[in-house]
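K.L.:
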Amino acid sequence: MRLQAVLFDLDGTLLDTAGDMGAAANHVIDSLSLPLLSKAILQSTCSDGAYALLRAGIPPTLIEQHGIEVLRKQMLDFYRANLCYHTRPYQGVPSLLNWLTQADIPWGVVTNKPAMLTEPLLAMLPLFAGCGITVSADTLAYKKPHPAPLLYAAEQLSVAPAHCVYIGDHRRDIEAGHAAGMTTIAAEWGYISPEEDPTQWQAHYHLSSATALEQWLKASLKSETLKD
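The opening residue of the sequence shown carries number 70 in my numbering; numbering runs sequentially from there.
1. Nearest to residue 161 by alpha carbon, out of 281, 292, 287?
2. Is the beta carbon of residue 232 closer than 8 Å to that of residue 76?
3. Pairs of beta-carbons, one from the region 261-268 and one from the region 105-123, closer than 8 Å: are there three or more?
4. With H, G and I counted as helix, E and B as strand and the rest as coil, what does DSSP make of residue 176?
5. My assumption, with CB atoms under 8 Å, is that residue 74 sits in contact with residue 260. Please give the rounded CB distance.
6. Any idea if residue 136 is buried or exposed, counting beta-carbon neighbours within 10 angstroms, 16 or more meaning buried?
7. Could you tell me which residues DSSP pairs with residue 104 in its beta bridges?
8. Contact defined as beta carbons within less than 8 Å: I believe residue 235 pairs with residue 251. What is the distance between those atoms, to the nearest angstrom?
9. Alpha carbon to alpha carbon, what distance is there between residue 154 and residue 145?
10. So what's residue 233 in DSSP terms, helix, strand or just coil?
11. For residue 97, does the count of other Cβ atoms within 10 angstroms reach 16, so buried, or fall short, so exposed?
12. Quick one: measure Cβ to Cβ for residue 139 and residue 179, integer angstroms, because I've assumed they're closer than 8 Å.
13. Out of curiosity, what's the CA-to-CA distance linking residue 120 and residue 239?
14. Helix, strand or coil: how does DSSP classify residue 63 here?
15. Between the alpha carbons of residue 125 and residue 225, how many angstroms are there, rounded?
16. Measuring alpha carbon to alpha carbon, tell me which residue in 192, 223, 172 is nearest residue 290.
17. What are the start and end residues of the beta strand (DSSP E) that includes residue 77?
18. Is it right to say residue 244 is buried, meaning 16 or more other beta carbons lie within 10 angstroms of its own, or is it exposed?
19. If residue 168 and residue 283 are in contact, beta carbons under 8 Å, what's the gap, nearest whole angstrom?
20. On the DSSP bridge list, what partners appear for residue 84?
21. Specify the secondary structure class of residue 219 as computed by DSSP and reduced to three states.
22. Can you tell me the Cα-Cα spacing of residue 183 and residue 228, whole angstroms?
As structure tokens, this is what we get:
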């Protein structure tokens with residue numbers, strides 16, 4: 070099947086958001102007079118979201134005392150007010166997205182980030198002007214690793230799933246892509262913890278940079294099939 074659309078995870082794939090998400094988590098952690106999370110912990114935990122970041126820095130007894138939902142709200146309120154101070158696209162991403170747009174290849178974002186954060190963040194960054202569809206954690210009743218968000222994105226782009234590529238930096242991205250019948254690519258430049266071995270995710274392809282991804286996509290356009 071020929072390449073007709075490209076779908077991306079967001080955090081750890083297109084954008085390095087660990088600085089701003091980490092600042093929000095550390096804001097809550099600091100309010101409890103606890104040691105702040107290190108950059109290494111933030112980088113390896115960011116893809117798992119607010120709950121994981123908070124649990125990485127707050128002991129279970131304090132989480133039970135204050136309530137995880139209360140702490141999460143405090144974190145997300147701070148994050149929403151400080152969405153894009155440190156967030157940057159990964160090297161090669163602006164060129165990649167510009168090429169897709171100029172080549173008239175539909176592309177979109179499928180993320181487990183809630184819409185109240187996804188939509189304003191993307192609106193702040195001109196490189197997302199060509200984005201054809203954004204599916205957030207709460208767009209549908211299901212989120213990744215369920216295939217529904219990917220299938221919905223493909224439907225909105227009027228492209229059959231078999232003609233889509235999905236790129237992400239987490240095991241659940243690859244699981245969702247497989248379940249949706251898409252070609253999957255592991256973004257090995259993202260938030261992969263030292264304990265994870267992405268070669269075990271069974272992605273169709275593994276790439277080390279957004280620049281390598283752009284080259285792969287260009288080569289795929291000349292091929293009759295997406296998968297070997």
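In this text, a Cβ means the ideal position worked out from N, Cα and C, and glycines have one as well.
As the structure is a computational prediction, the values presented were derived from the model and not from experiment.
P.N.:
So, from the listed chains and residues:
1. Looking at the Cα atoms, 281 is the closest of the given residues.
2. Not a contact, by the Cβ cut-off of 8 Å.
3. Contact between the region 261-268 and the region 105-123 is present, because at least three Cβ pairs lie under 8 Å.
4. Residue state, collapsed to three classes: strand.
5. The C-beta distance from residue 74 to residue 260 rounds to 24 Å, too long to meet the 8 Å contact threshold.
6. Answer is exposed; the Cβ neighbour count stays below 16.
7. Paired residues: none, contrary to the question.
8. Yes, they are in contact, since the Cβ atoms of residue 235 and residue 251 sit about 5 Å apart, within 8 Å.
9. Each residue's Cα considered, the two are about 15 Å apart.
10. Correct three-state label for residue 233: strand.
11. By the neighbour-count rule (16 or more Cβ atoms within 10 Å), residue 97 is buried.
12. No, residue 139 and residue 179 are not in contact; Cβ-Cβ is about 29 Å, not under 8 Å.
13. Using only the alpha carbons, I get a separation of about 16 Å.
14. What is shown of the chain runs 70 to 297, which leaves residue 63 out entirely.
15. Computed Cα separation, rounded: 37 Å.
16. That would be 172, whose Cα lies nearest to the Cα of residue 290.
17. Note, residue 77: beta strand (DSSP E), 74-77.
18. Result: buried.
19. A Cβ-Cβ separation of about 6 Å places residue 168 in contact with residue 283 under the 8 Å criterion.
20. According to DSSP, residue 84 bridges with 80, 158.
21. Note: residue 219 maps to helix in three-state DSSP.
22. Separation of residue 183 and residue 228 (C-alpha to C-alpha, rounded to the nearest whole angstrom) is 24 Å.
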